[in-house]
Structures are given as structure tokens and as C-alpha cells.
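J.: In this note's numbering, the protein residues as written are 7 to 208.
Ideal Cβ positions, reconstructed from N, Cα and C, are used throughout, including at glycine.
My structure is below; once you've seen it, I'll send some questions.
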Amino acid sequence: MANLILSIFERVITILMFIALAVALVCKKKSKKVPLFIIRPIFLVGLLFIMFQAVFVQRNFTSLDKAIRAYDVKAKPIATLQDEKSTYVIMDEDGSIEGRIFPKNGKKWKLPDSAFFRKSMSYPSEDANIDMRSIEIHGVWYIVILPHYLMGENSIDEVHDSAGTEFLKAEYENITVYYGYLKTKPDDYWISVDGDKVAINL
7 MANLILSIFE RVITILMFIA LAVALVCKKK SKKVPLFIIR PIFLVGLLFI
57 MFQAVFVQRN FTSLDKAIRA YDVKAKPIAT LQDEKSTYVI MDEDGSIEGR
107 IFPKNGKKWK LPDSAFFRKS MSYPSEDANI DMRSIEIHGV WYIVILPHYL
157 MGENSIDEVH DSAGTEFLKA EYENITVYYG YLKTKPDDYW ISVDGDKVAI
207 NL
């Protein structure tokens, strides 16, 4: 819809510019100055068009990479998980591993517009303390599991859950990250990390 509005607005401005140019040429041939009542509206509409286009471009990107750079030029993507309507990006933000959702509208990506809801959980086994983070967007639950930052142990060898999710694995500076997504929110959901299982209320 935004693309259609921008296209129509651009055509209107182009027509007005041609009219203004034609009037200016006629006035020049007759050695007359171009009337201000013609110049001012064209200038104002042109300025509004530039501002509108700038806002549109800032909020819509032709590639995920451009959207990530616009969000944080210093961020280092670690892994991505893409759904039809959004892409979940795990990234290093100033030494902290964070997850961000980049919504997708047609062929355009938008900047993250939702905070990442984090749950830090301590399992019964001291060897299985982890950070478990989850967020729901467009009916899809994104989940990421990584070692708890206070434990000092950065290795996770195996992750599975009650929904049979295919968790993907990424390694970054000796930190192991598992991530996946659920298309439906299951009842009595649990996650097992290195053999230790815990029930989770998403």
C-alpha cells in the first residue's frame, strides 16, 4: 500500500514539475518572471515529497543486510532464522548476544519494532543453567537458548523440546547458541538441555 501511495505521489509531483517548467519557459520567452503563486506550491509539495520518501526509505529496506546495518552499524550478525513474515537475527551488540525481529512486508524488511522478551532459567543441575529467550510475532514463537552468563560454562551439546523443534546451532567466540521457532504454542511445553528437562510457560 505504501509503495502504491509513493508511486502515485511521485507521478503527481512529476506532472506538476513539468507544468512548472512549461510555465517558466513561457514566461522566459515573454521576458517575464515566474509568478510566486506557481513557485511556492511546487517548492512546498516537492519538499513534502522528499521528506515522505526519506521516511519511507528509512523504514523499508530491500535486503535484510541493509536493515541490520540501519538498525546498528556495529552489530555483528551471528545467525538468522527466517519465517514468511519476519526474520529473527541473533547478533552481537557491544559484546552482548541479543535477538531482534525484523518484520517483512512483501519484499521489504522493516526495523525491529518489538522488544525481545527474555527468560533466564536455572535448571536443577548446576551444569545446565541457561538463558532461554522467547518472543511471539505473527503467531510464530522464536526461541533461543544459550549458556547463562554467570556460569562461565559456554558449552551446550544437545537441545530438544516436546514439540520436536529442529533447533539450529551457532557458535560465536566460544559460546554455543541454539535457536528455533514454533508455529503453534504447545501445551505443557518443555525443553531438554544436555539431558536436563524443565517445563516452560511461553
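#1: Have a look at E104 and D98 and give me their C-alpha separation to the nearest angstrom.
#2: Identify whether I136 lies in helix, strand or coil by the three-state DSSP scheme.
#3: Could you tell me the alpha carbon to alpha carbon distance between T182 and G112, rounded to whole angstroms?
#4: Classify A73: buried if its beta carbon has 16 or more other beta carbons within 10 angstroms, exposed otherwise.
#5: Would you identify the three-state DSSP class for K203, choosing helix, strand or coil?
#6: Would you kindly work out how many angstroms separate the C-alpha atoms of V199 and T68, rounded to a whole number?
#7: Tell whether a beta-carbon distance below 8 Å holds between Y94 and Y148.
#8: Could you work out which residue in K175, K91, D163 and D137 is closest to P118 when comparing CA atoms only?
#9: Go ahead and pull the three-state DSSP assignment for V165.
#10: Candidates D100, T190 and F173: which alpha carbon is nearest I197's?
#11: Beta-carbon within less than 7 Å of E164's beta-carbon, same chain only, minus the 5 sequence neighbours each way: which residues are those?
#12: Which whole-angstrom value is the C-beta distance of I84 and I96, which I expect to be below 8 Å?
#13: What is the DSSP secondary structure of L188, reduced to helix, strand or coil?
#14: Using the three-state DSSP reduction, which class does L152 fall into: helix, strand or coil?
#15: Considering Cα atoms alone, identify which of H166, L152 and P109 is closest to S102.
#16: Can you tell me where the beta strand (DSSP E) with D71 in it begins and where it stops?
#17: Rounding to the nearest angstrom, what Cα-Cα distance links I162 and V18 in this structure?
#18: Distance check for N180 and D100, CA to CA, integer angstroms please.
T.: According to the structure data:
#1: 6 Å
#2: strand
#3: 33 Å
#4: buried
#5: strand
#6: 38 Å
#7: yes
#8: K91
#9: strand
#10: F173
#11: D200
#12: 5 Å
#13: strand
#14: strand
#15: L152
#16: Note, D71: premise wrong, no beta strand (DSSP E); alpha helix (DSSP H) at L70 to Y77.
#17: 59 Å
#18: 16 Å
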